[in-house]
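The structure appears right after this line, and notes come after that.
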Amino acid sequence: MDSATVTVLWVTSLIMILCTLVFTYRSFRARIEIKHFYYLTALITLIAATLYMTMASGYGGIGLNGKVILFGRYIDWVITTPLLLMNLALIALPRNFPSRFAVIGTMIAADVYMIVSGLGASLIRSNFRWAFFAVSCAGFLAVLYFIIVKLTPEANVRSGPVQRHYSTLAIMLIALWVCYPIVWILGTEGFGIISLLPEVILYAILDVLAKGAFGFVLLSKPGVLLEAERETAPINSVAAQW
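1 is the number of the first residue of the sequence shown in UniProt numbering; add one for each residue after it.
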């Protein structure tokens with residue numbers, strides 16, 4: 001990797017560390033009922049900071065057929081994206097939702113499958129990688145199904161503030177996550193239309209927004225989080241089918 005790419009990785013790691021410190025500090029003053037949102041959010045950026053630091057140090061990538069594959073980002077994603085989904089699901093699904101953790105667990109399993117198959121697509125340098133990319137996208141569609149069909153209908157029967165907060169977070173997460181496969185297609189792991197440096201910059205921007213900015217938006221309304229955590233809600237009969 002050239003010095004510019006390494007610099008981007010170090011800067012991104014620093015941004016994630018700063019986010020972690022802010023989220024951790026804010027957790028000290030949070031109500032105990034919603035501290036888990038702060039802990040999960042701080043853990044997400046801490047893991048991202050660690051993996052970006054690892055990649056910047058030269059230990060999170062390998063060379064294959066003259067290309068640098070930064071597998072460290074997949075280690076980051078396979079841990080942090082389930083935590084992001086958990087934060088979203090805990091807002092959408094009330095405590096009295098039947099099979100609450102079965103829904104969350106299955107959604108997370110689909111997410112992990114998406115990331116692991118995406119890693120396979122990156123490590124395979126023949127055209128067979130596109131088969132792995134396709135099944136990774138199938139995993140992504142499964143995650144979207146759970147967000148749209150399982151989580152959103154339940155969020156829509158909750159109180160107005162909880163509905164609006166969930167909607168903001170869900171739209172933000174979906175919009176950002178849709179961009180990841182686009183960067184993959186354009187980048188060195190896909191068609192190679194863009195080189196490693198702009199690829200790393202684009203992924204860094206997406207990661208900062210999907211982890212850091214998402215965390216700030218999530219924690220910006222502690223009163224709403226408290227309401228989401230405390231209240232029971234009517235169950236949407238369609239979404240509750242399992």
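We put the beta carbon where it would ideally sit given N, CA and C, even for glycine.
This structure is a prediction, so every number in the text was calculated from the model and none was measured.
Cα separation between residue i and residue j?
| i | j | result |
| --- | --- | --- |
| residue 65 | residue 54 | 22 Å |
| residue 17 | residue 27 | 15 Å |
| residue 188 | residue 68 | 8 Å |
| residue 21 | residue 85 | 22 Å |
| residue 37 | residue 172 | 17 Å |
| residue 153 | residue 57 | 44 Å |
| residue 159 | residue 59 | 47 Å |
| residue 25 | residue 50 | 19 Å |
| residue 220 | residue 78 | 26 Å |
| residue 169 | residue 142 | 18 Å |
| residue 148 | residue 62 | 37 Å |
| residue 33 | residue 11 | 34 Å |
| residue 124 | residue 111 | 20 Å |
| residue 98 | residue 150 | 12 Å |
| residue 186 | residue 76 | 21 Å |
Could you name the residues that DSSP lists as bridge partners for residue i?
| i | result |
| --- | --- |
| residue 211 | None; residue 211 has no bridge partner. |
| residue 63 | 68 |
Rounded to the nearest angstrom, how far is the Cβ of residue i from that of residue j, given a contact under 8 Å?
| i | j | result |
| --- | --- | --- |
| residue 139 | residue 122 | The pair is not a contact, with the Cβ atoms about 15 Å apart (cut-off 8 Å). |
| residue 210 | residue 177 | 7 Å |
| residue 92 | residue 166 | 5 Å |
Can you give me the start and stop residues for the alpha helix (DSSP H) that residue i sits inside?
| i | result |
| --- | --- |
| residue 108 | 100-123 |
| residue 35 | 35-56 |
| residue 134 | 129-145 |
Measuring CB to CB, does residue i end up less than 8 Å from residue j?
| i | j | result |
| --- | --- | --- |
| residue 232 | residue 96 | yes |
| residue 81 | residue 104 | no |
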